[in-house]
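Asks: Its first residue numbered 9, the sequence shown is counted upward by one per residue in the working numbering.
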Amino acid sequence: MTPKNPDRFISGIGATADLSLRVSVAALVRVLFKNPTDGVLMLALERKAALHKVSIGHQVDVKTQPFGGAIHIRDLGILHALIGDFHFDSEHSRSERDFRLFIRPSDWRAVREFCLGHFNNTGEPVLETDPGRELAEEFAGVLQTSLEPDQYVLKPLETVTEDTPALSVNIRALGYPTSRVYYIFEVCITDKSLTSKMVAKSQGISHQDLCELALEDARNGGLGRVNAILTLPLRQVMDVYLALSPAERAAPVAFDEHRLDETVPVVLDGIGVPKYRRL
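Okay, here's the thing in structure tokens:
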């Protein structure tokens with residue numbers, strides 16, 4: 009349902025002396041499926057390669073993270089009525105209505121409770137929490153195929169918060185102290201032809217291939233960014249994290265040639281990380 013007056017409050021952009029805490033609210037999706045060849049339960053993740061400038065030229069960084077993305081705010085006025093002024097962290101976030109905002113640090117608790125109260129709200133949602141649209145866009149990017157609702161089963165799991173601010177690595181708001189709310193969902197892919205394609209695409213692009221594709225994209229006038237899918241046996245991923253201390257899980261973790269982002273354990277059952285609070 010479309011809000012009656014979604015634009016009655018117009019937000020600014022960027023941090024100020026008062027609006028100094030960045031808040032990021034996102035949906036993360038644990039994508040599972042059975043390997044069509046042996047029935048092993050698999051975890052699907054998104055690999056993101058990006059070309060960056062460094063002191064001696066350029067380098068490609070690749071990180072592997074859960075599928076998902078920013079939650080969209082459907083009615084800015086309701087949040088404004090709760091906390092007063094806030095800013096988006098970038099023009100991109102404002103145009104997309106992404107819940108990536110600068111707020112007063114004293115308003116963090118109110119914003120967190122606001123988010124918790126609207127998780128899985130099916131009445132008149134203020135936030136667009138259903139990850140289906142974002143997931144379809146990401147699958148189109150990594151598989152060049154559409155993901156239809158009848159190809160998977162979706163269920164909400166829980167909410168996770170990161171209350172202690174950590175410096176943002178988002179290119180549009182780099183270095184700002186950021187607190188986070190994650191809505192965690194599980195998607196089980198049931199279409200066997202789709203799962204076969206997922207495995208084939210994962211096996212067909214190595215880490216080095218992905219780096220070279222990012223360089224090629226830059227040479228062709230692009231931003232030097234390429235995404236791909238990665239499918240891994242869920243049990244093996246779990247064992248890697250269970251072998252680490254809770255503190256070690258808070259940083260990126262190596263899995264073969266891949267670097268698993270610090271958000272990967274957020275979508276895994278039974279993997280505790282001190283900085284994340286499961287609600």
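Every residue, glycine too, gets a C-beta built ideally from N, C-alpha and C. Please read these numbers as outputs of a predicted model, since none were measured by experiment.
Compare the C-beta of residue 225 with all C-beta atoms of chain B and state if any pair is closer than 8 angstroms.
Replies: Judged by its chain identifiers, the structure shown contains no chain B, having just a single protein chain.
Asks: Which residue or residues does DSSP assign as beta-bridge partners of residue 79?
Replies: Counted from its first residue, the sequence shown places residue 79 at position 71. Residue 79 is not bridged to any residue.
Asks: In this structure, does DSSP put residue 100 in helix, strand or coil?
Replies: As a working note, residue 100 is residue 92 in the sequence shown. Here residue 100 sits in helix by DSSP.
Asks: Let's test the definition: count the other Cβ atoms within 10 Å of the Cβ of residue 10 and tell me whether it reaches 16, buried, or not, exposed.
Replies: Stepping through the sequence shown from its first residue, residue 10 is reached at position 2. Unreliable positioning characterises residue 10 in this predicted model, as indicated by a pLDDT of 44, which lies under 50. A coordinate reading is not provided.
Asks: Alpha carbon to alpha carbon, how far is residue 160 from residue 38?
Replies: Taking the first residue of the sequence shown as 1, we reach residue 160 at position 152. Taking the first residue of the sequence shown as 1, we reach residue 38 at position 30. Approximately 12 angstroms between the Cα atoms of the pair.
Asks: When burial is assigned at 16 or more other CB atoms within 10 Å of the CB, is residue 253 buried or exposed?
Replies: Here residue 253 refers to the residue found at position 245 when the sequence shown is read from its first residue. That one is exposed.
Asks: Check whether the Cβ atoms of residue 113 and residue 140 sit closer than 8 angstroms, and answer yes or no.
Replies: The residue you call residue 113 lines up with position 105 of the sequence shown. The residue you call residue 140 lines up with position 132 of the sequence shown. For residue 113 and residue 140, no; Cβs fall outside 8 angstroms.
Asks: Are residue 110 and residue 55 touching if we call contact CB-CB under 8 angstroms?
Replies: Here the question's residue 110 lines up with position 102 in the sequence shown. Here the question's residue 55 lines up with position 47 in the sequence shown. No, the Cβ-Cβ distance between residue 110 and residue 55 is not below 8 angstroms.
Asks: What span of residues does the beta strand (DSSP E) with residue 180 cover, start to end?
Replies: Numbered from 1 along the sequence shown, position 172 holds the residue referred to as residue 180. No beta strand (DSSP E) holds residue 180; DSSP gives it neither H nor E.
Asks: Between the Cα of residue 91 and the Cα atoms of 74, 184, 105, 119, which residue gives the shortest distance?
Replies: Here residue 91 corresponds to residue number 83 of the sequence shown, with the count starting at 1. Nearest C-alpha to residue 91: 119.
Asks: Buried or exposed: where does residue 74 fall if 16 or more other Cβ atoms within 10 Å of its Cβ makes it buried?
Replies: Residue mapping note: residue 74 aligns to position 66 of the sequence shown, counting from 1. The residue is buried, with at least 16 neighbouring Cβ atoms inside 10 Å.
Asks: Note down, one range per segment and in chain order, each alpha helix (DSSP H) of at least 4 residues found wholly within the segment 210-254.
Replies: Counting only runs of 4 or more, we get 215-227, 242-250.
Asks: Could you compute how far the alpha carbon of residue 12 sits from the alpha carbon of residue 41?
Replies: Reading the sequence shown from its first residue, position 4 is the one you call residue 12. Reading the sequence shown from its first residue, position 33 is the one you call residue 41. Low confidence applies here, because residue 12 scores a pLDDT of 47, under 50, leaving its location unreliable and the question unanswered by this model.
Asks: Out of 44, 151, 33, which one is the CA nearest neighbour of residue 212?
Replies: As a working note, residue 212 is residue 204 in the sequence shown. Answer by Cα proximity: 151.
Asks: Identify, in the order they occur along the chain, each residue of the same chain with its Cβ nearer than 7 angstroms to the Cβ of residue 270, setting aside the five sequence neighbours on each side.
Replies: Here residue 270 corresponds to residue number 262 of the sequence shown, with the count starting at 1. Excluding sequence neighbours, residue 270 sits near 258, 259, 260.
Asks: Among the candidates 287, 28, 192, whose CA atom is the shortest distance from the CA of residue 95?
Replies: For the purposes of this step, residue 95 is taken as the residue at position 87 of the sequence shown. With distances taken between Cα atoms, residue 95 lies closest to 28.
Asks: By the three-class DSSP mapping on this structure, what secondary structure does residue 157 have?
Replies: In the sequence shown, counting from the first residue as 1, residue 157 sits at position 149. In this structure, residue 157 counts as helix in the three-state DSSP scheme.
Asks: In or out: residue 188 buried (at least 16 other Cβ within 10 Å) or exposed?
Replies: Sequence index remark: in the sequence shown, residue 188 carries index 180 (1-based). Its Cβ being crowded by 16 or more others within 10 Å, residue 188 is buried.
Asks: Given a cut-off of 8 angstroms on the beta-carbon distance, is the pair residue 237 and residue 214 in contact?
Replies: On the sequence shown, residue 237 is found 229 positions in, with the first residue counted as 1. On the sequence shown, residue 214 is found 206 positions in, with the first residue counted as 1. Cβ atoms of residue 237 and residue 214: not closer than 8 angstroms.
Asks: Check for me: the beta strand (DSSP E) holding residue 261 runs from which residue to which?
Replies: Here residue 261 refers to the residue found at position 253 when the sequence shown is read from its first residue. 261-263 is the span of the beta strand (DSSP E), which, as asked, contains residue 261.
Asks: Quick one: is residue 293 buried, meaning 16 or more other Cβ sit within 10 Å of its Cβ, or exposed?
Replies: In the structure as shown, the chain begins at 9 and stops at 287. Residue 293 is therefore absent and cannot be evaluated.
Asks: Rounded to the nearest angstrom, what separates residue 165 and residue 22 at their Cα positions?
Replies: Within the sequence shown, residue 165 is the residue found at index 157, counting from 1. Within the sequence shown, residue 22 is the residue found at index 14, counting from 1. Looking at the two C-alpha atoms, the distance is approximately 32 angstroms.
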